[in-house]
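To start, the structure itself, in structure tokens.
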Amino acid sequence: MTLATRIIPCLDVSNGRVVKGINFVNLKDAGDPVEMAAIYAAEGADEITFLDISASVEGRSTTLEIVRRTAEQIFIPLTVGGGITSVADVDNLLRAGADKISINTAAIRNPQLISEIVERFGTQVLVLSVDARRARTKSGFEVTTHGGRDSAGLDAFEWIEMASARGVGEILLNSMDRDGTRSGYDLEMIRSVRKICSVPLIASGGAGDLGDFQGALAEGADALLAASVFHFGIYRIGDVKRALSKAGYVVREPFSISEN
Amino acid sequence: MIAILDYGSGNIRSAQRAIERLGVSTEVTSEYEVALNAAGLLVPGVGAFGSCIRQLLQINGDLILKERLKLNRPTLGVCVGMQILFESSAESDEAGLALVAGKVKKLSAKILPHIGWNEVHVEKEMNLMRGLNNQRFYFVHSYAATTAPDEFLQAKSNYGEEFVAAIQSGSLSAVQFHPEKSGDAGMQLLKNWVSAL
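First to last, the sequence lines map onto chains A and B.
Once you know that position 180 of the first sequence is 398 in my numbering, the rest is easy, because the numbers rise by one and skip nothing.
Once you know that position 125 of the second sequence is 276 in my numbering, the rest is easy, because the numbers rise by one and skip nothing.
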């Protein structure tokens, strides 16, 4: 297998700024999204994810503009999620320059939306974002919506199986218990979800030290998403890649265009 | 001028921006004459093989590609824009353009789609991949050709099994990955293609 592990910085965008908190509260300003995306791309990020957490219509249109400006200058895949409720929203984001879109709440409210998006744009465009936390459900994990504030009343694994049957390109598995805590990915959750999904699995929520990244890979994650550790300068993309490479995982090395 | 064929498939703006970054003018078009006469034609493709073919036929894209090939005018297919050049795909009942002999099949890997940065190995030196042997490019697909005819220079990649990542013969080139999303390596490939026009 020669496919490289993807390192994906995630930028939570609210009204035009990148913000980051712990368990989605106490949000701190972390910078300008377009600038940060460009810096991460230059540092070797394999993909960029924007999650729009704006609550207002103005915030959403600001995000669309940010997607447009980012896509003008970075030439790696760009995934955008947050607040997408219709095929028209997907279309607008793709036209603005997104390569993939991720959905969560809207798919739970209306699973048919998954089928509609896939039929129109193909499975490869759709990332199912699952914000899961430990709970007394069948699998021990439940799905939440609205940034972890509300329980969706769904068992996380049943939901993943149900949504996958409609065709999703990837699963972004975010531990709401670990989000922003830097206490490590929820390895048990990754291990269990890997067994029930046959699409690429992106681990998210809790990355704090270099060992956490390889831990998630050992449980079967295909890609690693992180926010706080990158935004607050604890690690740079290159630090994570060097540590993974040393541990025997395949990563993408930088490449430079020739002058002639 | 490089024309980017607009037949309703894919994020054509990224391909356009990537080529413009090289300082070359572009035009997104579905006009027969414009696409036929451009110095280079880039054929993107995202989504399902069947819907790509259907939409392509609607703008006479099949005739454009065949005529360009006859006139020896450079054409570059990208992702599903590569797959449609073959005779058929396991993804769909629609026939391909059969400009390249062979079939597109579903990859046999356990985890699909094949998403991410994979290594591409050049088998016989080709202009398109100059300076890029063993570099990584961004792939997102579940189907691919596993063989191409001998008259094509080829580059291969491996995901569960070996498959064709790039082909070039005369004026016709195609890549299974997305150069417009493959950072500087992708930019180098586009530069190689554009500088030979």
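Glycine is no exception: its CB is placed at the ideal position from the N, C-alpha and C atoms.
Remember, it's a predicted structure, so these values are computed and weren't measured experimentally.
**Report entry** C-alpha gap between T431/A and A263/A, whole angstroms
**Finding:** In the first sequence, counting from the first residue as 1, residue 431/A sits at position 213. In the first sequence, counting from the first residue as 1, residue 263/A sits at position 45. First, the amino acid is wrong: residue 431/A is Phe here, not Thr. Within the model, the alpha-carbon separation for F431/A versus A263/A is close to 14 Å.
Query raised in the report: So what does DSSP say about L207/B, is it helix, strand or coil?
Result: As a working mapping, residue 207/B is identified with position 56 in the second sequence. Residue state, collapsed to three classes: helix.
**Report entry** Distance, G300/A Cα to I266/B Cα
**Finding:** As a position in the second sequence, residue 266/B is number 115, starting the count at 1. As a position in the first sequence, residue 300/A is number 82, starting the count at 1. I266/B and G300/A: Cα-Cα distance of roughly 22 Å.
**Report entry** contact_flag[the stretch 280 to 292 of chain B, the stretch 327 to 338 of chain B] where n(CB pairs < 8 Å) is 3 or more
**Finding:** A contact exists between the stretch 280 to 292 of chain B and the stretch 327 to 338 of chain B.
**Report entry** Near-chain B residues of the stretch 302 to 321 of chain A (beta-carbon distance less than 7 Å), N- to C-terminal order
**Finding:** If the cut-off is 7 Å between Cβ atoms, the stretch 302 to 321 of chain A has L312, G315 and D317 near chain B.
Requested in this report: Give the straight-line distance between the Cα atoms of T448/A and A259/A, rounded to the nearest whole angstrom.
Outcome: In the first sequence, counting from the first residue as 1, residue 448/A sits at position 230. In the first sequence, counting from the first residue as 1, residue 259/A sits at position 41. With the sequence shown as reference, residue 448/A is identified as Phe, and Thr is not the correct amino acid for it. Using only the alpha carbons, I get a separation of about 12 Å.
Query raised in the report: So, is N278/B buried or exposed, given that buried needs 16 or more other C-beta atoms within 10 angstroms?
Result: Mapped onto the second sequence, residue 278/B falls at position 127. By the neighbour-count rule (16 or more Cβ atoms within 10 Å), N278/B is not buried but exposed.
Requested in this report: Would you please verify whether the beta carbon of M338/B is less than 7 Å from any beta carbon of chain A?
Outcome: As a position in the second sequence, residue 338/B is number 187, starting the count at 1. True, the Cβ-Cβ gap to chain A drops below 7 Å.
Query - Cross-strand partners of A350/A (DSSP beta bridge) - result: Counting from one through the first sequence, the residue named residue 350/A turns up at place 132. In the DSSP assignment, the residues bridged to A350/A are V361/A and S393/A.
Query - Limits of the beta strand (DSSP E) - the one that K221/B falls within - result: Residue numbering aside, residue 221/B sits at position 70 when the second sequence is read from its first letter. Looking at the DSSP string, K221/B is not in any beta strand (DSSP E); the run it does join, the alpha helix (DSSP H), is G212 to K221.
Requested in this report: Give a yes or no on contact between the stretch 253 to 260 of chain B and the stretch 368 to 382 of chain A, applying the rule of three or more CB pairs nearer than 8 Å.
Outcome: Inter-segment contact for the stretch 253 to 260 of chain B and the stretch 368 to 382 of chain A is absent: fewer than three beta-carbon pairs are separated by less than 8 Å.
Query - 7 Å Cβ cutoff met for T355/A and G387/A - result: Position 137 of the first sequence holds residue 355/A. Position 169 of the first sequence holds residue 387/A. Taking 7 Å as the Cβ cut-off, T355/A and G387/A do not qualify as a contacting pair.
Report task. Measure from the C-beta of T267/A to each C-beta in chain B and report whether the shortest distance is under 7 Å. Result -> On the first sequence, position 49 is the one that residue 267/A refers to. False, the Cβ-Cβ gap to chain B never drops below 7 Å.
Query raised in the report: For the alpha helix (DSSP H) that contains T430/A, what are its first and last residues?
Result: Locating residue 430/A in the first sequence gives position 212, counting from the first residue. Just to set this straight, residue 430/A is Asp in the shown sequence, not Thr. Note, D430/A: alpha helix (DSSP H), L428 to A436.
Report task. Keeping to the same chain, check which residues put their C-beta closer than 7 Å to that of A255/A; ignore five residues upstream and five downstream. Result -> Stepping through the first sequence from its first residue, residue 255/A is reached at position 37. These residues qualify, in order along the chain: L229, I266, T288 and I292.
Query - Three-pair Cβ contact test at 8 Å for the stretch 436 to 455 of chain A versus the stretch 413 to 428 of chain A - result: Three or more pairs of CB atoms, one per stretch, sit closer than 8 Å, so the stretch 436 to 455 of chain A contacts the stretch 413 to 428 of chain A.
Query raised in the report: For T220/A and chain B, any beta-carbon pair shorter than 7 Å?
Result: Sequence index remark: in the first sequence, residue 220/A carries index 2 (1-based). True, the Cβ-Cβ gap to chain B drops below 7 Å.
Requested in this report: Check whether the Cβ of D244/B lies closer than 7 Å to any Cβ atom in chain A.
Outcome: The residue given as residue 244/B occupies position 93 in the second sequence. In terms of beta-carbon proximity, D244/B stays away from the interface with chain A, with every pair separated by 7 Å or more.
Query raised in the report: Do you know whose CA, among S176/B, S202/B and A317/B, lies nearest A190/B's CA?
Result: Taking the second sequence and counting its residues from 1, the one referred to as residue 190/B is at position 39. Just measuring C-alpha positions, the residue of S176/B, S202/B and A317/B sitting nearest A190/B is S176/B.
Query raised in the report: Using the C-alpha atoms, what's the distance from D397/A back to A306/A?
Result: Here residue 306/A corresponds to residue number 88 of the first sequence, with the count starting at 1. Here residue 397/A corresponds to residue number 179 of the first sequence, with the count starting at 1. Looking at the backbone, the Cα of A306/A and that of D397/A are separated by about 30 Å.
**Report entry** Whole-number beta carbon distance between A299/B and V315/B, since they are thought to touch under 8 Å
**Finding:** One-based indexing of the second sequence puts residue 315/B at position 164. One-based indexing of the second sequence puts residue 299/B at position 148. So it is a contact: roughly 5 Å between Cβ atoms.
Query raised in the report: Can you tell me whether L227/B is buried or exposed, with buried defined as 16 or more other CB within 10 angstroms of its CB?
Result: Along the second sequence, read from residue 1 onward, the residue named residue 227/B stands at position 76. Buried is the call here.
Query - Backbone secondary structure at S272/A - three-state DSSP - result: The sequence position of residue 272/A within the first sequence is 54, counting from 1. Secondary structure at S272/A: coil, using DSSP grouped into helix, strand and coil.
Query raised in the report: Does the separation of the CB atoms of A222/A and W268/B fall below 7 Å?
Result: Start at 1 with the first residue of the first sequence, and residue 222/A comes out as number 4. Start at 1 with the first residue of the second sequence, and residue 268/B comes out as number 117. A Cβ-Cβ contact shorter than 7 Å links A222/A with W268/B.
Report task. In angstroms with no decimal places, state the Cα-to-Cα distance between G212/B and F200/B. Result -> Numbered from 1 along the second sequence, position 61 holds the residue referred to as residue 212/B. Numbered from 1 along the second sequence, position 49 holds the residue referred to as residue 200/B. If you draw a straight line from the Cα of G212/B to the Cα of F200/B, it is about 14 Å long.
Query raised in the report: Can a CB atom of chain B be found closer than 7 Å to the CB of P295/A?
Result: Taking the first sequence and counting its residues from 1, one reaches residue 295/A at position 77. Yes - at least one Cβ of chain B is within 7 Å of the one on P295/A.
Query raised in the report: What residues of chain A sit near N291/B, judged by a beta carbon separation below 7 Å?
Result: By one-based count along the second sequence, residue 291/B stands at place 140. A quick correction: the sequence has Val, not Asn, at residue 291/B. Here the neighbours are Q342.
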